[in-house]
Every structure is written in structure tokens, then in C-alpha cells.
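Colleague: First residue of the sequence shown: 145, per the numbering used here; consecutive thereafter.
Cβ atoms here follow ideal geometry from the backbone N, Cα and C, with glycine treated the same way.
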Amino acid sequence: MNDRLNRVHASRSAAVKAGLDHPVIDTDVHVNDYAPVLEDYVAQYGGNKLVDALRKALGGRFVTRSNAGKDWYQQTPEERQFHRTLRAPWWARVTRNTYDLATYTLPALLYERLSEQGSDYSILFPNDVLSPAAAGSEYRQPLHRAINHFHADQYRPYADRLTPVAGIPLHTPKEGIEELEFAVKTLGLKVINIAGGVRRPIRAIAEKYPAAEHPEIAKQAGYIDFYGIDSEYDYDPFWAKVVELGVPVTTHYGSQGWTGRQSISNYMNNHVGHFADGSQAFAKALFFGGVTRRFPGLRVALLEGGADWGSHVYTHLVDRWEKRNRNVVRNYDPAEADIELLASLFERYGGDLLKGRTIDKSTLLRDSLGISALPHSREPDDSEIDDFALAGIEKVEDIRDRWVDNFYFGSEADDRTVAAAFNTKVNPLGTKINAIWSSDVGHWDVPEFTEPLAETWDLVQQGVISAADFKAFVFENPHRFYTESNPRFFEGTEVGRKLGLKGAK
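(1) Rounded to the nearest angstrom, what separates residue 214 and residue 637 at their Cα positions?
(2) Roughly how many angstroms lie between the CA atoms of residue 535 and residue 465, to the nearest whole one?
(3) Nearest-angstrom Cα distance between residue 239 and residue 245?
(4) In whole angstroms, what is the alpha-carbon distance linking residue 309 and residue 348?
(5) So what's residue 145 in DSSP terms, helix, strand or just coil?
(6) Could you check what DSSP says for residue 237 in three-state terms: helix, strand or coil?
(7) Could you tell me whether the Cβ atoms of residue 582 and residue 447 are closer together than 9 Å?
(8) Can you give me the start and stop residues for the alpha helix (DSSP H) that residue 644 sits inside?
(9) Within the chosen definition, does the region 210–230 reach the region 305–320 through at least 3 CB pairs nearer than 8 Å?
(10) Going along the chain, which residues of its own chain have a beta-carbon closer than 6 Å to the beta-carbon of residue 644, five neighbours each way excluded?
(11) Just confirm the distance between the C-beta atoms of residue 470 and residue 529, as a whole number of angstroms; I'd bet it's less than 8 Å.
(12) Look at the alpha carbon of residue 409 and the alpha carbon of residue 216, and state the distance between them as a whole number of angstroms.
(13) Which residue's Cα is closest to the Cα of residue 165: 629, 630, 634, 616?
(14) Along the alpha helix (DSSP H) that carries residue 366, what are the first and last residues, could you check?
(15) Does the distance from the CB of residue 89 to the CB of residue 302 come in under 9 Å?
(16) Suppose only complete runs of 3+ residues qualify. What are the beta strand (DSSP E) ranges in the region 279–337, listed by chain order?
(17) Compare the Cα-Cα distances from residue 172 to each of 227, 579, 425 and report the closest residue.
(18) Look up residue 444 in the DSSP assignment and give the residues it is bridged to.
(19) If distances are taken between C-alpha atoms only, which option among 288, 451, 416 comes closest to residue 553?
(20) Can you give me the start and stop residues for the beta strand (DSSP E) that residue 265 sits inside?
(21) Please classify residue 161: is it buried, with 16 or more other beta-carbons within 10 angstroms of its beta-carbon, or exposed?
(22) By a C-beta neighbour count over all protein chains shown, 10 Å radius and 16 as the cutoff for buried, is residue 261 buried or exposed?
(23) Please report how far the alpha carbon of residue 561 lies from the alpha carbon of residue 608, in whole angstroms.
(24) To the nearest angstrom, how far is it from the Cα of residue 505 to the Cα of residue 522?
(25) Which parts of the region 505–576 are runs of the alpha helix (DSSP H), unbroken and 4 residues or longer, counting only runs that do not cross its ends?
(26) So, at 8 Å on beta carbons, what are the nonlocal neighbours of residue 321 in its own chain, with the 5 sequence-adjacent residues on each side left out?
(27) Excluding the 5 residues flanking residue 630 on each side, which residues of the same chain have their C-beta closer than 8 Å to its C-beta?
(28) If you drop the 5 nearest sequence neighbours on each side, which residues of the same chain put their C-beta closer than 8 Å to that of residue 235?
(29) Under a Cβ-count criterion, where at least 16 other Cβ atoms within 10 Å of its own Cβ denotes burial, should residue 157 be classed as buried or exposed?
(30) I believe residue 355 touches residue 345 by the beta-carbon criterion, under 8 Å. Please report the beta-carbon distance rounded to the nearest angstrom.
(31) Given residue 626, which residues of its chain have a CB within under 6 Å of its CB, disregarding the five upstream and five downstream residues?
(32) Is the number of C-beta pairs between the region 276–294 and the region 185–203 that are closer than 8 Å three or more?
(33) DSSP beta-bridge partners for residue 345?
(34) Please report how far the alpha carbon of residue 145 lies from the alpha carbon of residue 242, in whole angstroms.
(35) Go through its chain and collect everything with a Cβ distance to residue 424's Cβ below 7 Å, but skip five positions before and after it.
(36) Short check: CB of residue 585 to CB of residue 170, under 9 Å?
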């Protein structure tokens, strides 16, 4: 086996890094939790009962079962079809590359190998940091505290180059604020990870079919609250606390199992694009709910879905506002139709179509558009016609300020579609989308820990992005994301040292 010096020398990414005049910040590194030590922390917060709750939550995280309790692998193809049992993720973490497996599990080894990867500073996402969500209201908060405490202690000795995220539950704003304050003020963590939404029951159905008596119905009859538009709760106090504490928000929010991602046989069918779709739902809820208008200092990173969808949604927000803002949308108001003109045009040009029929002006509009175009009991009033009202959009620049400024988009190292983020010819107002370098090492997307930075430089050599884009991607955009939330974020770190910041080692 090569020793460390030989490995560094052999790393393509280390060679790329040697030619750079700026730091490299990896916004998405996945690490494993060594279970025996983690469970010791959990036991301190709730004894064996809490450990059992953790094991149950972890054991069911990627398992889909029939109503009889059989998981996917215990069912026949016929049973999977009958129950519509989703094919869940499988073989999702690095194993054959055992050196990398150890790297993602042992903090000291990860710290030692960062030079092989070519990064100066990495944000760590423990794979099970949000697993308490499945533990129920009795155990959710103590599990989060225990897990966050474990991560804070494990990585504190390496804080100049590594920082783990804190998992924050958001079933209610109150629990989110409590765990946010504990993670930041007590544990000293400085980045949070949230789920992009929380599943809730539809109350009209839940009242008729209580979950305790009808668990199968409860499993199917629900909706997702994305904390913004249409939420049952006011999450503004949580967002306000995030901004007050200077904490950047991150999410890996997927959509496997949603409509169109429900294959009972094929994981990849359910996987392709699912992070982009889930994150899009979350981000749009914040935008249309006015969260980014009320909290311009809020910074949210949407990871693993790529950056091209950020460009896509931004462009289409502009397109739709231009065609459906509160003034222009009157073009489609039935009351704006000139019935007299319409009738005269029918008389002049409709002979072959009408074949002697008499026109009834009172029904002419409905007859022309079709019943499906006018199906409602009444037309919307003035308070119901502006879908952009809560977002406060008065001009295209407002969309840019409330989409581009607040959101950052994690793109993996070899993702060629990142070029869309830098395409000022396509993006409205010549804007660049905030793509941030997110290697995703630790998951199956990255077979070799040392390759991602070199793979991104390959995109420069292939003409996919420019050298300036590369610098923005791996340094400038990530640096801005963290420091716009907290200007002192990199003090005491390797990045701070290279930038000559006060307090850097």
C-alpha cells in the first residue's frame, strides 16, 4: 500500500490544487458515524430506550414495507405489484474502496487526506444526521441533541479544516428554534442541515380516519409542508433566528416516492433528478411565500441536485411573471372578452362552422372556450389574481434579488450541466446562478475520494466552463455563501489563514 506522501503525489486533484492561487471549499462531504461511539452519546441523553429509538429510526430509513411488514426483498414481484412497494436506495455508500470507507468514518484520517482531495475546508454531512425525523415526537429532539453533540465532539479537534452540520428538526418552528440555539450556542456548530419539508396529515381525512385506527390510510393520505407558502405554521420566527445567529442553511432534499418516482423495481428510475425536484419544491415555497423577501439575509444551499435547475426555475419565474403578473394576467380575464366583437367575427367567418346555427351571445364565450376553461363557481377577485404578491415582485430585478441572492446550488464535481449556472446569455439580466462545489464524496456518486477536483478541472479543459467559472465554483461562491451569513465564518480555519484573516492559525 502507498504511504500518504506517495498517495498525495499520485493524486490528480493535488496536482490541480498546486496550480491554483485560491483556496478550495468543499460544501458537501458525506461521513459515516461509528455506531458504538454514537450510541454512547445517545445513551447519555436517554438511556437504552433512546438507543432503541435510534436503531429503529435508522433501520427503517431506507426500507419500504407492505402492510404485512415484509420489506421489498421479502416480497415476490407479485406482492410488490399488489402493494406498490417502492424500490428504495440500495448499495449507496463506498465499500470496495476500503481506504475511502475508513476515510469517511475516521475523522483523523479524513483530516490527513484532505490534501489528496485538494480541498482546504470541507463541510461534513453525516449520513444519518436527520434520521431522528423518523423517531416520532417523543424522541426526535433528544436524538438530534445527542447526534449533534457527538459530531461536534468528534470533529472539534479538526475545526481548522472540517466542520460538521447540525441536524435541525422542523416539525414546528418552536422545536427548530430550540435545537438551532442548542446546536449553535451550546455545541458551537455553525452550519445547519434541514429536511426541505415535513409530511403532515390532511386534517379532513385524518379526522374521519384516525391514524391509530387506519394506519394504511394515514400512510397514504398526507401532504408536504415546505415551511413557506400554505404552511400550517408561521416559520418566520425560525428564519429570523437563523439570520440572527448568522447560520447558513443547507438541505439535501429528495423526492423519491413522489408521483413519477414510484417505481417498484428500479432505484435509478426513482433517483435521477429527485434532489432537484425536491429542492425546487422547497425553494419555490420560500420564494412564493415571501420568505426571501422578508429575510434578504437568509442563505440556503440546495445540495446534490445540480445548479442547472436553479437557472431553469429563475428563467421561468421571469417568463411567468411577465405573462401573469397582476396587470398582464387580465389578458385572460373572461370579463375582458369583447362579446360584440366575437359575435361579429362569428357572423363573418363562422358560416361553415355554424351550419345555420344561431349564436347566443350569453353563452358565446363559454361555447368558444369550452366548459373546461370556465369551470369554477365564480371568477377570482382582485385579491386572488396575483401569484407573486407574497413574494413582492414588482419588476424582474425583484425576482433576481429574491431567487439568485438567497439560494446557492450544490453541483457535483463532474456535472457538466453546471455550465447553465454561468450562462449569462440565457439567464435573465445576464445573471450567474450561485453554483457551489459539492463533491458528494462518501456516496456512490464518487468512487474515488481524490478525483473530484481534477474532474472539475477537466470541465475547464473540455471548454464546458471557464477558468474564472472554476474559481467561482470551487471558492468564490462557497466563500460568499458562508460569509454572507456569518462574516467571521472562516476565522481560525485554513481558508482564513490563506486569506490572511484575523484569528487564523
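Modeller: By the coordinates alone:
(1) Taking the first residue of the sequence shown as 1, we reach residue 214 at position 70. Taking the first residue of the sequence shown as 1, we reach residue 637 at position 493. If you take the alpha carbons of residue 214 and residue 637, they lie about 49 Å apart.
(2) Along the sequence shown, one-based indexing puts residue 535 at 391. Along the sequence shown, one-based indexing puts residue 465 at 321. Near 11 Å, if we compare the C-alpha coordinates of residue 465 and residue 535.
(3) Numbered from 1 along the sequence shown, position 95 holds the residue referred to as residue 239. Numbered from 1 along the sequence shown, position 101 holds the residue referred to as residue 245. Cα-Cα distance, rounded: 6 Å.
(4) As a first step, residue 309 must be located in the sequence shown, where it is residue number 165. As a first step, residue 348 must be located in the sequence shown, where it is residue number 204. Rounded to the nearest angstrom, the two C-alpha atoms are 37 Å apart.
(5) Translated into positions along the sequence shown, residue 145 becomes position 1. No answer about residue 145 holds up, because its pLDDT of 46 lies below 50 and its placement is not dependable.
(6) Here residue 237 corresponds to residue number 93 of the sequence shown, with the count starting at 1. Under the three-state reduction of DSSP output, residue 237 falls in the strand class.
(7) Here residue 582 refers to the residue found at position 438 when the sequence shown is read from its first residue. Here residue 447 refers to the residue found at position 303 when the sequence shown is read from its first residue. The answer is yes: Cβ separation under 9 Å.
(8) As a first step, residue 644 must be located in the sequence shown, where it is residue number 500. Looking at the DSSP string, residue 644 is not in any alpha helix (DSSP H), and its letter there is neither H nor E.
(9) no
(10) Along the sequence shown, one-based indexing puts residue 644 at 500. Excluding residues within five positions, none has a Cβ falling inside 6 Å.
(11) Residue mapping note: residue 470 aligns to position 326 of the sequence shown, counting from 1. Residue mapping note: residue 529 aligns to position 385 of the sequence shown, counting from 1. With 8 Å as the limit, residue 470 and residue 529 qualify as a contact, their Cβ atoms being about 6 Å apart.
(12) Residue mapping note: residue 409 aligns to position 265 of the sequence shown, counting from 1. Residue mapping note: residue 216 aligns to position 72 of the sequence shown, counting from 1. The straight-line gap from Cα to Cα measures roughly 9 Å.
(13) As a first step, residue 165 must be located in the sequence shown, where it is residue number 21. Measuring from the Cα of residue 165, the nearest candidate turns out to be 616.
(14) Reading the sequence shown from its first residue, position 222 is the one you call residue 366. Run containing residue 366: none in the alpha helix (DSSP H); it sits in the beta strand (DSSP E), 366–369.
(15) The first residue shown for the chain is 145 and the last is 649, placing residue 89 beyond what the model contains.
(16) 306–308
(17) Here the question's residue 172 lines up with position 28 in the sequence shown. Of 227, 579, 425, the residue nearest in Cα terms is 579.
(18) Translated into positions along the sequence shown, residue 444 becomes position 300. Under the DSSP definition of a beta bridge, residue 444 partners with 393, 551.
(19) Start at 1 with the first residue of the sequence shown, and residue 553 comes out as number 409. The candidate whose alpha carbon is nearest that of residue 553 is 451.
(20) For the purposes of this step, residue 265 is taken as residue 121 along the sequence shown, with counting starting at 1. Unbroken beta strand (DSSP E) run through residue 265: 265–270.
(21) Indexing the sequence shown from 1 puts residue 161 at position 17. It counts as buried.
(22) Sequence index remark: in the sequence shown, residue 261 carries index 117 (1-based). So residue 261 ends up on the buried side.
(23) If you number the sequence shown from 1, residue 561 lands on position 417. If you number the sequence shown from 1, residue 608 lands on position 464. Distance from the CA of residue 561 to the CA of residue 608, rounded to the nearest whole angstrom, comes to 9 Å.
(24) Along the sequence shown, read from residue 1 onward, the residue named residue 505 stands at position 361. Along the sequence shown, read from residue 1 onward, the residue named residue 522 stands at position 378. Near 19 Å, if we compare the C-alpha coordinates of residue 522 and residue 505.
(25) 508–513, 540–543
(26) The residue labelled residue 321 in the question sits at position 177 within the sequence shown. Counting only Cβ-Cβ distances below 8 Å, and skipping sequence neighbours, we find 381, 382, 385.
(27) One-based indexing of the sequence shown puts residue 630 at position 486. The answer, listed in chain order, is 334, 390, 391, 392.
(28) Counting from one through the sequence shown, the residue named residue 235 turns up at place 91. Hits under 8 Å: 588.
(29) Walking along the sequence shown from the start, residue 157 turns up at place 13. Classification for residue 157: buried.
(30) As a first step, residue 355 must be located in the sequence shown, where it is residue number 211. As a first step, residue 345 must be located in the sequence shown, where it is residue number 201. Contact flag correct, Cβ pair sits at about 7 Å.
(31) Residue numbering aside, residue 626 sits at position 482 when the sequence shown is read from its first letter. Around residue 626: 392, 633.
(32) yes
(33) To locate residue 345, count along the sequence shown from 1; it is residue 201. Bridge partners of residue 345: 366.
(34) Taking the first residue of the sequence shown as position 1, residue 145 is located at position 1. Taking the first residue of the sequence shown as position 1, residue 242 is located at position 98. Because residue 145 carries a pLDDT of 46, less than 50, the predicted location of this residue cannot be relied on, and no value is offered for it.
(35) On the sequence shown, position 280 is the one that residue 424 refers to. Excluding residues within five positions, the ones whose Cβ falls inside 7 Å are 453, 457.
(36) Taking the sequence shown and counting its residues from 1, the one referred to as residue 585 is at position 441. Taking the sequence shown and counting its residues from 1, the one referred to as residue 170 is at position 26. Result yes, Cβ atoms of residue 585 and residue 170 sit closer than 9 Å.
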